[in-house]
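A short worksheet on the structure shown next.
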Amino acid sequence: MTYAEQLAAVKQQWPQPLAPGSAEEVAALQRFRAFFSDFSPSKIGQLVEQTYAEDAWFNDTLKTVEGLTELRRYLTHSAEAVDACKVEVDEICSNGAGDYYARWRMMIQFKRFKRGQRTHSIGMSHLRFNAQGKVVLHQDYWDSSQGLFEHVPVLGWMIRAIKRRV
5 MTYAEQLAAV KQQWPQPLAP GSAEEVAALQ RFRAFFSDFS PSKIGQLVEQ TYAEDAWFND
65 TLKTVEGLTE LRRYLTHSAE AVDACKVEVD EICSNGAGDY YARWRMMIQF KRFKRGQRTH
125 SIGMSHLRFN AQGKVVLHQD YWDSSQGLFE HVPVLGWMIR AIKRRV
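My numbering numbers the first residue of the sequence shown as 5 and each following residue consecutively.
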């Protein structure tokens, strides 16, 4: 299912947004921040079920995943591929109709690429929550070439060469 199709389906299934400023909204946003603050396999195991709904839809620009079981598997695999990953959420805005936009900064230290070096990226996530305050839709927007692909041997050199010519 595409992002637009999933967004329409989620809006139809969960038409009532969390009440602005409510304890439920505050808790949902705090869980999201905590989940990504220190992205590690153990933290994913502890917090994924508290943060994401059973029927969650997730796209980080690299992969689309549907369902909590697949999401847990994908995020655990991703966290195992890095020595460290921290996401600092700088701001979360809401349109009052159930859409939340989180602006963030990410630091990654890869196990296989540029070992020992920290890389930095910025991005934004579009989130929607169910009535229980769990994420049902998570669409990331970030420059994956800067955040990941430029650090892959050969591929990174090619991307940087293309960027210099543009």
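Idealized CB from N, CA, C, for every residue including glycine.
Which residues share a DSSP beta bridge with residue i?
i	result
A106	I96 and S129
F114	V86
E74	Partner(s): none; E74 has no beta bridge.
Which of the three DSSP states, helix, strand or coil, is assigned to residue i?
i	result
T80	helix
L141	strand
T55	helix
K47	helix
A32	helix
Q121	coil
A8	helix
R90	It is worth fixing the name first, because residue 90 is Lys in this sequence and not Arg. Three-state result, K90: strand.
Q16	helix
V170	coil
A38	helix
T65	coil
A60	strand
G151	Reliability fails at G151, whose pLDDT of 47 lies under 50, so the model's placement of it is uncertain and no value is given.
Among the options, which residue has its Cα nearest to the Cα of residue i?
i	options	result
L11	R132, Q50 and L33	R132
Q136	A85, K47 and D59	D59
Y105	H142, S125 and H81	H142
S82	A101, V140, G49 and E92	G49
H124	K115, N134 and M110	M110
*contact_flag[the region 68-78, the region 86-104] where n(CB pairs < 8 angstroms) is 3 or more*: Flag = no, the region 68-78 and the region 86-104 do not touch.
*Does the pairing of the region 48-62 with the region 26-39 give three or more beta-carbon distances under 8 angstroms?*
Between the region 48-62 and the region 26-39 there are three or more C-beta pairs closer than 8 angstroms, enough to call the two in contact.
_If contact is defined by three or more beta carbon pairs under 8 angstroms, each pair taking one atom from either stretch, is the region 112-128 in contact with the region 80-92?_
Result yes; three or more Cβ-Cβ pairs closer than 8 angstroms.
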